[in-house]
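Trainee:
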Amino acid sequence: MNSYRKAEMLKKELSIQEKIEDSMKELAFDIFKELKVKPEFTDKKTKEVIEEETISSNFFSNKERLEILVEWAIEMEPMLTLIIDRCHIPIEKNCDYDLDVYMGNAYREYIEELHKLPMTKSFDHKSIGKIEIFAKHITKTIEYYLDGLVHLAYAEFEKGMEELTGMIDFEQILLYDMDSLRTPNTLFRMRASDTEIFSKEDMFHIPFEKRGIINTNRFSIPGYPCLYLGSSSLVCWEELGRPNLNTTYTSIFHLHDEDIKILDMSISPMELTNNLKKFFEITFRLSPYRFDNYFMTWILISACLIRVKNPKDVFKPEYIIPQFLLEWIKQSSEYRGICYLSTKIKKHTVKNFNLYKNYAIPVKERRVNGHCTSLREMFKISPPVGWQMYQIYKDSKEALPNKKPLFPEKDMQFIEGIKLDYEKSDFGKLEVLLMSSSKNYN
Numbered sequence: 001m002n003s004y005r006k007a008e009m010l011k012k013e014l015s016i017q018e019k020i021e022d023s024m025k026e027l028a029f030d031i032f033k034e035l036k037v038k039p040e041f042t043d044k045k046t047k048e049v050i051e052e053e054t055i056s057s058n059f060f061s062n063k064e065r066l067e068i069l070v071e072w073a074i075e076m077e078p079m080l081t082l083i084i085d086r087c088h089i090p091i092e093k094n095c096d097y098d099l100d101v102y103m104g105n106a107y108r109e110y111i112e113e114l115h116k117l118p119m120t121k122s123f124d125h126k127s128i129g130k131i132e133i134f135a136k137h138i139t140k141t142i143e144y145y146l147d148g149l150v151h152l153a154y155a156e157f158e159k160g161m162e163e164l165t166g167m168i169d170f171e172q173i174l175l176y177d178m179d180s181l182r183t184p185n186t187l188f189r190m191r192a193s194d195t196e197i198f199s200k201e202d203m204f205h206i207p208f209e210k211r212g213i214i215n216t217n218r219f220s221i222p223g224y225p226c227l228y229l230g231s232s233s234l235v236c237w238e239e240l241g242r243p244n245l246n247t248t249y250t251s252i253f254h255l256h257d258e259d260i261k262i263l264d265m266s267i268s269p270m271e272l273t274n275n276l277k278k279f280f281e282i283t284f285r286l287s288p289y290r291f292d293n294y295f296m297t298w299i300l301i302s303a304c305l306i307r308v309k310n311p312k313d314v315f316k317p318e319y320i321i322p323q324f325l326l327e328w329i330k331q332s333s334e335y336r337g338i339c340y341l342s343t344k345i346k347k348h349t350v351k352n353f354n355l356y357k358n359y360a361i362p363v364k365e366r367r368v369n370g371h372c373t374s375l376r377e378m379f380k381i382s383p384p385v386g387w388q389m390y391q392i393y394k395d396s397k398e399a400l401p402n403k404k405p406l407f408p409e410k411d412m413q414f415i416e417g418i419k420l421d422y423e424k425s426d427f428g429k430l431e432v433l434l435m436s437s438s439k440n441y442n
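In terms of UniProt numbering, the sequence shown has 227 at position 227, counting the first letter as 1, and numbering is strictly consecutive.
(1) Can you tell which of Ile-306, Ser-57, Ile-282 and Met-161 has the C-alpha that lies nearest to the C-alpha of Cys-87?
(2) With DSSP as the reference, identify every bridge partner of Ile-358, one or two as the case may be.
(3) Alpha carbon to alpha carbon, what distance is there between Tyr-390 and Ile-262?
(4) In its own chain, which residues sit with a C-beta less than 6 angstroms from the C-beta of Thr-343, not counting the 5 before and 5 after it?
(5) Thinking Ser-251 and Pro-383 are a contact (beta carbons under 8 angstroms), I'd like their distance in whole angstroms, please.
(6) Measure the alpha-carbon distance for Ile-168 versus Asn-293 and round it to whole angstroms.
(7) So Glu-271 and Phe-353 are in contact, right, with Cβ under 8 angstroms, and what is the actual spacing, rounded?
(8) Measuring CB to CB, does Lys-429 end up less than 7 angstroms from Lys-394?
(9) Can you check which of these residues, Leu-99, Lys-45 and Arg-211, is closest to Ser-302 by C-alpha distance?
(10) Please determine if the segment 94-109 and the segment 347-365 are in contact, where contact requires at least 3 C-beta pairs separated by less than 8 angstroms.
(11) Using beta-carbon positions only, say whether Ala-7 and Ile-74 come within less than 7 angstroms of one another.
(12) Helix, strand or coil for Tyr-224? Go by DSSP, reduced to three states.
(13) Less than 7 angstroms separating the beta-carbons of Leu-114 and Ile-128?
(14) Which term fits Val-314, buried or exposed, when burial requires 16 or more other beta carbons within 10 angstroms of its beta carbon?
(15) Under 7 angstroms Cβ to Cβ from Ile-197, same chain only, skipping five residues before and after it: list those, please.
(16) Would the segment 275-295 count as touching the segment 33-43 if we require 3 or more Cβ pairs under 8 angstroms?
(17) Quick one: grab the DSSP three-state call for Phe-315.
(18) Assign Asn-358 to buried or exposed, taking buried as 16 or more other Cβ atoms, counted over all protein chains shown, within 10 Å of its Cβ.
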C-alpha cells in the first residue's frame, strides 16, 4: 500500500477516533518515512525547522501534526513528486530528432504522467485536456517554423497563448515578484574584452547605430537591442561562457521603477517545492495550492528553457518559442521583460536557484542612435569595475560584508564536496564592492 492510500486510511481514522492510538502514530510515521517529498514541521518555541532524523512515531501524538501530514500526503506529495521527477528545467535534447518531434514526445510522456495522478482538491483532471491542447500548439509552432512558415508559426503560438491565458490568471501566476530580487532593487551586468576598457555607457544595451552586430539571443532576434541582466555576477559570468575573469567588467543596475512588470519564467521545481514546504504548516487549512496552473505553465517554461545543443550554429531552434514569447509580450501585454533561469547550469537546487536568474528587457522604442530612453530611465548604472581593479580592493572593508550576512546563499558547492558561503567567494566580494561604490554614483 502506498503512502497516498495509507494517508486516506489515516484521514478516515482521524474522523472517527477521538483518541490518538499508538497504531495511528505508527501509521503516520510509516507514511512520513515513505514520502519522497516530506512536509516541514517547525518547533513552536524556537520557530526552527525540525530535523527529519529526530522525528519518530511519538512525534505524531499531536492531532494537528497528523492532519498536516495527511493533507500533505494526499494533496501535495503526489504532484510535487511528479514535478521533481518530470518537470526538469532546463530541457536537454540529447538526440538527433528535430525539436518539434523531441518536444512532442516529451509532452506526450508528461501528459501520460498527469493522467496517473490522483483526483484531488489541488489538481483537477479536467484541466489535462487544456494542458494537452496547449502543448500541441507549442509543438505545432516549432513545426511550422522549421518548415519555413514563420507567419503560421506565430499565429499558432498566439492560439496557444489564448489557451494559456484562458485557463490561468496570467498576472497572479506569472507576474514576477520584484520584492523577491536576490538583492533589493539590484541586478548585475558583465561584459568581457581583451582590448576594450568599458565605460558606464558601454554597459547598457548595444546602441542602435551598432545594431548590425547584434546576434540572435534566447529572447531577442538579430539586430534588435535587448538588455540582459543577471541576479548575480556569477550568472553573468556563466552566461558569457566563463571568459577569463581578468577581461571582465561588471556594473550594478539599480532599479528605479519598482512597479515594472516582469513575466516570471524562472519558477523551478525546487523553488516551488521549497516555497510550498515552507508555508504549508500555516496554510494547510486554507484553499489548497492549484497544481493545474503550474502543470500548464511548465509547458511554456520548458519550451523557453531548452539548452542549446550547438552553440556555434547561427540558427538555434531552441530560441523559437522564447523569441515568439517576447514578441507576444510586446504586442499583447504590459510586461516589460522576462525573468528566466540560466540554462548554463545543469542542476538548480534550493540553495542556488536565486543566483542563476536572468532578466531580458527589450528596448521600447527605435532610434537612429544611442539607447532606448524609457529603458535608460528605469535604471541607475554604476561605473564598471574591472576584475583586475577588484583584485586591488578584494581584501578591503569595502569588499567585505558587515556583521549581518548580506547574501543568503550558504554552503555553496562550486566544487563538489567543498562548501563555501557565497559572500566569501570572489563573486560575492565583487558584489559587495560594487554595492559599496554605488553609494557614490548618480
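Ideal placement from N, C-alpha and C gives every residue a C-beta, glycine not left out.
Mentor: In this structure, then:
(1) Ile-306
(2) Just to set this straight, residue 358 is Asn in the shown sequence, not Ile. Gly-230 and Tyr-340.
(3) 31 angstroms
(4) Pro-90, Leu-305 and Arg-307
(5) 7 angstroms
(6) Taken atom to atom, the span from the alpha-carbon of Ile-168 to that of Asn-293 is near 6 angstroms.
(7) Contact between Glu-271 and Phe-353 holds: their C-beta atoms lie close to 5 angstroms from each other, under 8 angstroms.
(8) yes
(9) Distance from the Cα of Ser-302 is smallest, within the candidate group Leu-99, Lys-45 and Arg-211, for Leu-99.
(10) Three or more beta-carbon pairs separated by less than 8 angstroms are not found between the segment 94-109 and the segment 347-365, which leaves the two stretches without contact.
(11) yes
(12) coil
(13) Cβ distance < 7 angstroms, so Leu-114 and Ile-128 count as in contact.
(14) Exposed is the call here.
(15) none
(16) Verdict: yes, contact present.
(17) For Phe-315, the secondary structure class from DSSP, reduced to helix, strand or coil, is coil.
(18) buried
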